[in-house]
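**Student:** In our numbering, the protein residues as written are 256 to 593.
From the three backbone atoms N, C-alpha and C, an ideal C-beta is built for every residue, glycine too.
Keep in mind that this is a model prediction, so the values were computed, not measured.
Structure in structure tokens, see below.
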């Protein structure tokens with residue numbers, strides 16, 4: 256298949272693109288290489304992807320409506336994996352406008368491209384942050400998710416609602432995946448594991464919010480990539496049992512699906528740091544702080560629906576995933592050993 260992967264130079268997009276190429280698909284990777292974090296890391300990921308003869312890179316911004324229209328019209332993609340977005344829960348509090356531009360207007364341009372060019376299936380990234388003020392664990396896609404706590408989460412919830420409109424109006428199959436705290440090699444420098452590693456190796460203290468007591472459903476990026484590809488291979492179909500009197504928000508009478516994609520094994524942040532210390536052979540100096548605005552105390556994904564429907568089975572324990580990250584970090588950045 257010819258598949259468009261947006262955000263291909265990003266963390267998850269890089270791993271998804273590699274996996275698609277490894278199985279023989281043609282991949283067109285779209286990214287605007289913005290400077291939200293060091294673009295050199297994005298370029299390094301792209302340099303690896305460009306070694307594959309079935310990969311083509313397109314430097315294009317999601318908000319460029321004419322550019323997106325021309326790309327879809329020229330390439331006639333079989334399927335689309337939309338991972339590009341302005342990321343960062345905390346940054347959305349300080350810079351809200353760029354989130355609406357990229358995550359709402361940009362999503363509209365992508366889904367319009369799918370609608371007008373015969374795309375068989377759109378799989379797009381949502382987030383566990385949509386659960387917001389909901390504290391019922393585990394988070395399940397048939398629960399209410401109408402109380403987001405940040406604009407980032409609200410833009411992703413908007414994507415889910417927009418996708419349902421297009422599935423209902425135009426019969427476009429769409430699948431949304433709510434990601435839970437993805438980590439691993441080539442990860443984003445603004446995320447905790449990266450920040451912790453850099454500071455510990457530099458002998459600097461790390462900021463530990465909620466005094467390290469909150470739990471996260473840390474999910475290894477390789478497991479995530481496998482789940483994304485399994486989802487794109489299983490085209491969303493209407494739910495024959497969907498009842499408008501008691502509507503399930505994760506399915507529909509239209510070809511529409513929502514899934515959690517996580518590890519289903521939450522780890523306390525202090526344990527996560529302990530594993531990192533063991534891998535680095537160094538102790539962390541911890542600056543213990545209260546829970547930050549917009550954060551939720553705990554996350555735990557119910558992934559039973561994704562397991563049932565596409566065979567998703569995450570298998571990487573946090574001890575192995577953190578070890579792989581540290582090995583990559585040392586090889587890539589070559590920090591001093593003393």
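Cutting at 6 Å between CB atoms, please list the residues of its own chain near residue 465, excluding the five before and the five after it.
**Tutor:** 546
**Student:** Evaluate contact between the segment 286-306 and the segment 371-391, counting only Cβ atoms and requiring at least three cross-stretch pairs below 8 Å.
**Tutor:** no
**Student:** Is the segment 455-469 in contact with the segment 406-417, if contact means three or more CB pairs nearer than 8 Å?
**Tutor:** No, the segment 455-469 is not in contact with the segment 406-417.
**Student:** Output needed for residue 287: all residues of its chain with C-beta closer than 6 Å, excluding positions within five of it in sequence on either side, in chain order.
**Tutor:** 316
**Student:** For residue 515 versus residue 394, is the C-beta spacing smaller than 8 Å?
**Tutor:** yes
**Student:** By how many angstroms is the C-alpha of residue 449 removed from the C-alpha of residue 534?
**Tutor:** 13 Å
**Student:** Nearest to residue 571 by alpha carbon, out of 351, 352, 437?
**Tutor:** 437
**Student:** Based on the DSSP secondary-structure assignment, which residues constitute the bridge partners of residue 516?
**Tutor:** 434
**Student:** Going by CA-CA distance only, name the one from 564, 509, 256, 502 that's closest to residue 429.
**Tutor:** 509
**Student:** Start and end of the beta strand (DSSP E) containing residue 484?
**Tutor:** Looking at the DSSP string, residue 484 is not in any beta strand (DSSP E); the run it does join, the alpha helix (DSSP H), is 476-488.
**Student:** When burial is assigned at 16 or more other CB atoms within 10 Å of the CB, is residue 501 buried or exposed?
**Tutor:** exposed
**Student:** Identify which residue in 256, 303, 259, 291 has its Cα closest to the Cα of residue 252.
**Tutor:** What the structure shows of the chain is the stretch from 256 to 593, and residue 252 is not part of that stretch, so it cannot be assessed.
**Student:** Can we count residue 382 as close to the ligand GTP, meaning its CB is less than 7 Å from some heavy atom?
**Tutor:** The ligand content of the structure shown is nil, which means the ligand GTP is not present either.
**Student:** Can you name the start and end residues of the beta strand (DSSP E) that residue 279 belongs to?
**Tutor:** That residue, residue 279, is in no beta strand (DSSP E); it is neither H nor E in DSSP.
**Student:** At 3 residues or longer, and completely inside the segment 358-415: list those beta strand (DSSP E) runs for me, N to C.
**Tutor:** 376-382
**Student:** Hey, quick one: how far does the beta strand (DSSP E) through residue 314 stretch, first residue to last?
**Tutor:** 310-314
**Student:** Pull the bridge partners of residue 523 from the DSSP assignment, please.
**Tutor:** 470
**Student:** Would you check if the segment 398-411 and the segment 523-532 touch, i.e. whether three or more CB-CB distances between them fall below 8 Å?
**Tutor:** no
**Student:** Nearest to residue 481 by CA position, among 453, 357, 562, 361, is which residue?
**Tutor:** Comparing Cα positions, the closest option is 562.
**Student:** Can you give me the Cβ contacts of residue 388 inside the same chain, cut-off strictly under 7 Å, excluding the 5 residues immediately before and after it?
**Tutor:** Annotation for residue 388: 402, 404 place their beta carbon closer than 7 Å to its own, counting only its chain and skipping 5 residues before and after.
**Student:** Taking Cβ to Cβ, would you say residue 343 is nearer than 8 Å to residue 435?
**Tutor:** no
**Student:** Comparing C-alpha positions only, which one of 530, 392, 560 sits nearest to residue 568?
**Tutor:** 560
**Student:** Who does residue 257 pair with in a DSSP beta bridge?
**Tutor:** 281
**Student:** What's the gap between the Cα of residue 262 and the Cα of residue 352?
**Tutor:** 19 Å
**Student:** Excluding five sequence neighbours on each side, which residues of the same chain lie with their C-beta closer than 6 Å to the C-beta of residue 318?
**Tutor:** Cβ within range, chain order: 356, 360, 361.
**Student:** Would you list the one or two residues that DSSP bridges to residue 337?
**Tutor:** 261, 379
**Student:** Hey, is residue 278's beta-carbon within less than 8 Å of any beta-carbon in chain D?
**Tutor:** Annotation note: the requested chain D is absent from the structure, which comprises a single protein chain.
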